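Some notes on the structure that comes next.
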Amino acid sequence: RAPNWLHVRMAPLLDAHVLVLVDDRTSAHRVEEVRRDFVVNVSHELKTPVGGLSLLAEAIADARDDPEAVERFASRIQLESARLGKLIKEIVDLSRLQSADGLTEARRVRIADVVREAIEISQVEAQAKDIRIVERVDPATVVDGDLSLLVTAVRNLIGNAISYSPAGTEVGIGAAIGADAVTITVTDHGRGIPPAEQERIFERFYRGDAARSRATGGTGLGLAIVKHICANHGGGVSVWSREGQGSTFTIRLPLPEARITISHPVEGNA
Ligand code: ADP
Numbered sequence: 125r126a127p128n129w130l131h132v133r134m135a136p137l138l139d140a141h142v143l144v145l146v147d148d149r150t151s152a153h154r155v156e157e158v159r160r161d162f163v164v165n166v167s168h169e170l171k172t173p174v175g176g177l178s179l180l181a182e183a184i185a186d187a188r189d190d191p192e193a194v195e196r197f198a199s200r201i202q203l204e205s206a207r208l209g210k211l212i213k214e215i216v217d218l219s220r221l222q223s224a225d226g227l228t229e230a231r232r233v234r235i236a237d238v239v240r241e242a243i244e245i246s247q248v249e250a251q252a253k254d255i256r257i258v259e260r261v262d263p264a265t266v267v268d269g270d271l272s273l274l275v276t277a278v279r280n281l282i283g284n285a286i287s288y289s290p291a292g293t294e295v296g297i298g299a300a301i302g303a304d305a306v307t308i309t310v311t312d313h314g315r316g317i318p319p320a321e322q323e324r325i326f327e328r329f330y331r332g333d334a335a336r337s338r339a340t341g342g343t344g345l346g347l348a349i350v351k352h353i354c355a356n357h358g359g360g361v362s363v364w365s366r367e368g369q370g371s372t373f374t375i376r377l378p379l380p381e382a383r384i385t386i387s388h389p390v391e392g393n394a
């Protein structure tokens with residue numbers, strides 16, 4: 125596949141010679157472009173919540189004589205600042221992941237540990253919606269990677285599965301070691317994702333129509349973070365979904381490096 129920053133323009137000349145102009149924008153340029161786009165995205169995304177907070181502060185000043193309204197606006201300010209804090213944390217995480225070229229240190233990680241931690245973090249949200257998390261993890265599944273990044277990736281997928289599913293449904297988590305990859309799957313029986321949106325959900329700040337119209341909500345960064353965590357592990361993430369039936373997100377990671385264990389012969393009584 126040709127890199128998209130390599131433009132080749134061909135200008136046929138009169139005598140059938142061909143002039144080829146090669147505009148090879150280096151990867152440094154490309155990185156700079158991505159960084160600039162990111163800054164533009166971020167400032168745009170931060171403007172909305174900051175503007176909201178400022179309006180709420182004005183509303184409090186105006187409602188000074190109405191203690192109930194003051195209390196209502198104050199709790200909205202608390203909620204909005206918590207969301208802003210989450211957004212800033214995710215922006216920092218994503219920017220670190222985008223600039224990292226692989227992992228600095230990979231250790232042997234048991235996927236059962238990753239899944240257990242991710243479920244623990246998601247339990248409060250799951251219980252609030254009476255959603256049962258069912259785990260089918262082959263205990264032999266291991267990868268070479270970063271435990272806390274992998275927990276973040278699985279946690280983001282579980283968080284979405286809970287957010288976009290009706291109360292009382294089930295979320296399934298599976299993990300297995302296959303012939304050419306380790307796979308981790310998160311399946312929900314929620315509203316599903318229309319085909320046109322499936323192509324875009326891994327873009328940073330992209331939110332589906334239904335998600336955007338919800339009062340409470342995420343940041344649009346969760347899946348971009350999952351994508352970059354997988355890429356830094358040399359793997360990837362994909363989605364299968366059918367509207368009205370649910371979705372399955374699959375993380376694929378490289379098989380762990382074979383480890384040579386040297387077994388020493390048992391020495392006789394020396
Ligand atoms: P958000 O903070 O909006 O959840 P994400 O990056 O995690 O951001 O997801 C991007 C979009 O993908 C969401 O806004 C939603 O439209 C869609 N999406 C993600 N996971 C699911 C899911 N399990 N079921 C349905 N839609 C989903």
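Numbering (full-length UniProt numbering) for the sequence shown: 125 to 394. We treat Cβ as the ideally placed atom computed from N, Cα and C, and that holds for glycine. None of these values were measured; they are calculated from a predicted model.
Checklist entry - Should residue 150 be labelled buried (16 or more other beta-carbon atoms within 10 Å of its own) or exposed? => result exposed
Checklist entry - How about residue 232 and residue 268: do their beta carbons lie closer than 8 Å? => result yes
Item to check | Element boundaries [beta strand (DSSP E), containing residue 300] | outcome: 294 to 301
Next on the checklist: Comparing C-alpha positions only, which one of 261, 266 and 305 sits nearest to residue 383?
Outcome noted: 266
Checklist entry - Name the DSSP bridge partner or partners of residue 370? => result 366
Checklist entry - Taking the C-alpha atoms as reference points, what is the distance between residue 310 and residue 224? => result 26 Å
Item to check | Contact between the segment 318 to 327 and the segment 354 to 368 (3+ Cβ pairs under 8 Å) | outcome: yes
Checklist entry - Roughly how many whole angstroms lie between the Cα atoms of residue 377 and residue 274? => result 10 Å
Item to check | Beta carbon of residue 298 nearer than 8 Å to that of residue 371 | outcome: no
Next on the checklist: Here's the rule I'm using: 16 or more other beta-carbon atoms within 10 Å means buried, otherwise exposed. How should residue 381 be labelled?
Outcome noted: exposed
Item to check | Identified DSSP bridge partners for residue 231 | outcome: 269
Checklist entry - Do residue 235 and residue 291 have their C-beta atoms closer together than 8 Å? => result no
Next on the checklist: Please tell me whether, using a cut-off of 7 Å, the distance from the CB of residue 343 to the nearest non-hydrogen atom of ligand 1 is below it.
Outcome noted: yes
Next on the checklist: For the pair the segment 300 to 310 and the segment 245 to 265, tell me if three or more CB-CB distances fall below 8 Å.
Outcome noted: yes
Checklist entry - For residue 304, which of helix, strand or coil comes out of DSSP? => result coil
Checklist entry - Would a C-beta distance cut-off of 8 Å place residue 197 and residue 187 closer than the cut-off? => result yes
Checklist entry - Quick one: what's got a C-beta closer than 6 Å to residue 357's C-beta in the same chain, skipping five residues either side? => result 269 and 377
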